[in-house]
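The block underneath contains the structure these notes are about, expressed in structure tokens.
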Amino acid sequence: MEVETLIGSSKLLKYWPSFLMGLVLFFSIKYLMKNHKRKSHQKYTLDNEEDIEVEETDDLQPALEEKPHVSFVAGLNLNPNGAERFYKLVQGRRSIRSFSSHPKPDLSIIEDCIRAAGTAPSGAHTEPWTFCVVEDPEVKKTIREIVEQEELMNYSQRMHPQWVTDLRPLQTNHIKEYLTLAPYLILIFKQTYGLTSDGRRKRHYYNEISTSIAGGILLCALQAAGLASLVTTPLNCGPALRTLLQRPVNEKLLILLAVGYPSEDCKVPDLQRKQLSDIMVKY
Ligand code: IYR
Numbered sequence: 027m028e029v030e031t032l033i034g035s036s037k038l039l040k041y042w043p044s045f046l047m048g049l050v051l052f053f054s055i056k057y058l059m060k061n062h063k064r065k066s067h068q069k070y071t072l073d074n075e076e077d078i079e080v081e082e083t084d085d086l087q088p089a090l091e092e093k094p095h096v097s098f099v100a101g102l103n104l105n106p107n108g109a110e111r112f113y114k115l116v117q118g119r120r121s122i123r124s125f126s127s128h129p130k131p132d133l134s135i136i137e138d139c140i141r142a143a144g145t146a147p148s149g150a151h152t153e154p155w156t157f158c159v160v161e162d163p164e165v166k167k168t169i170r171e172i173v174e175q176e177e178l179m180n181y182s183q184r185m186h187p188q189w190v191t192d193l194r195p196l197q198t199n200h201i202k203e204y205l206t207l208a209p210y211l212i213l214i215f216k217q218t219y220g221l222t223s224d225g226r227r228k229r230h231y232y233n234e235i236s237t238s239i240a241g242g243i244l245l246c247a248l249q250a251a252g253l254a255s256l257v258t259t260p261l262n263c264g265p266a267l268r269t270l271l272q273r274p275v276n277e278k279l280l281i282l283l284a285v286g287y288p289s290e291d292c293k294v295p296d297l298q299r300k301q302l303s304d305i306m307v308k309y
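Numbering (my numbering), first residue to last: 27 to 309.
Written out as structure tokens, the structure is:
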């Protein structure tokens with residue numbers, strides 16, 4: 027009788043269905059909120075970052091160390107003809123397919139050009155690029171073998187006939203003599219993610235756009251140094267070239283650049299560039 031009275035007076039036992047409902051509601055809301063947060067992160071990063079594979083954790087870390095902001099000292103005076111001089115410099119750039127193996131430019135020039143490329147802006151200042159400079163003739167020979175083997179299949183099977191037709195004015199085919207003749211090959215890898223000092227993956231936002239901008243600055247720097255180049259994007263060769271150069275799996279080949287001086291008999295197609303009025307729209 028006494029126990030029954032005790033049970034009857036216990037509020038927990040009396041209102042247990044309401045307590046249970048409250049608990050279920052609490053955990054459901056918590057779960058839904060966590061899921062919503064994760065989904066909105068995914069939506070943001072999937073745009074343009076299709077191959078990012080970073081674990082979702084609640085333990086968020088800033089991409090940059092927290093650093094104080096400092097005053098920006100421009101160190102430049104407005105140079106009214108700077109842009110015109112730069113335009114004159116870069117308008118002389120052409121894609122060269124016939125290189126001279128001599129003389130060989132000093133490595134220090136290539137280093138300065140890559141330093142310039144490394145000034146490119148990048149998503150959350152992650153600097154998601156690696157520039158592999160190849161001058162060893164044996165490595166260049168192997169690169170050429172890998173590329174020619176794939177390009178033979180690209181031209182004959184993988185590329186649409188219209189693509190091959192569109193390339194006819196460039197007089198290209200699967201034979202890539204420039205890969206062994208050019209004194210330097212620069213293989214530009216985008217880092218699809220980074221690694222923190224404790225081995226965790228770090229997001230590299232807009233790594234392809236950032237690395238492409240760095241590639242553009244590199245082309246301009248090479249031109250300023252009086253060097254010619256050829257941008258190539260050899261289809262299907264990335265993994266084999268990454269393995270050859272022993273690059274880690276987070277690095278994906280974006281551009282293979284041949285660099286050097288044009289051969290004496292070098293010819294280029296007589297191409298015209300679009301006019302300013304064709305590429306610029308004023309509002
Ligand atoms: N990657 C091939 C085909 C090629 C594709 C384009 I687009 C070019 O502008 C030039 C070539 C090659 O290098 O031959």
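Even glycine gets a Cβ: it sits at the ideal position worked out from N, Cα and C.
CB of residue i within 9 Å of CB of residue j, strictly
| i | j | result |
| --- | --- | --- |
| residue 160 | residue 211 | yes |
| residue 131 | residue 253 | yes |
| residue 173 | residue 267 | yes |
| residue 158 | residue 196 | no |
| residue 280 | residue 165 | no |
| residue 171 | residue 261 | no |
| residue 126 | residue 242 | no |
Residue i CB to nearest heavy atom of ligand 1 below 8 Å
| i | result |
| --- | --- |
| residue 269 | no |
| residue 179 | no |
| residue 166 | no |
| residue 261 | yes |
| residue 200 | yes |
| residue 258 | yes |
| residue 196 | yes |
| residue 193 | yes |
| residue 185 | yes |
| residue 189 | yes |
Alpha carbon of residue i to alpha carbon of residue j, nearest angstrom
| i | j | result |
| --- | --- | --- |
| residue 217 | residue 228 | 10 Å |
| residue 303 | residue 113 | 16 Å |
| residue 301 | residue 118 | 15 Å |
| residue 201 | residue 151 | 39 Å |
| residue 248 | residue 54 | 59 Å |
| residue 292 | residue 137 | 26 Å |
| residue 277 | residue 255 | 23 Å |
| residue 16 | residue 57 | Absent from the model: residue 16. The displayed extent of the chain is 27 to 309, so no value can be given. |
| residue 181 | residue 207 | 22 Å |
| residue 288 | residue 121 | 10 Å |
Outcome for residue i when other beta-carbon atoms lying within 10 angstroms are tallied against a minimum of 16
| i | result |
| --- | --- |
| residue 123 | buried |
| residue 155 | buried |
| residue 309 | exposed |
| residue 46 | exposed |
| residue 148 | buried |
| residue 215 | buried |
| residue 236 | buried |
| residue 140 | buried |
Original post:
Enumerated in chain order, which unbroken segments of the beta strand (DSSP E) with a length of 3 residues or greater are wholly contained in the segment 242 to 273?
Top reply: 254 to 258
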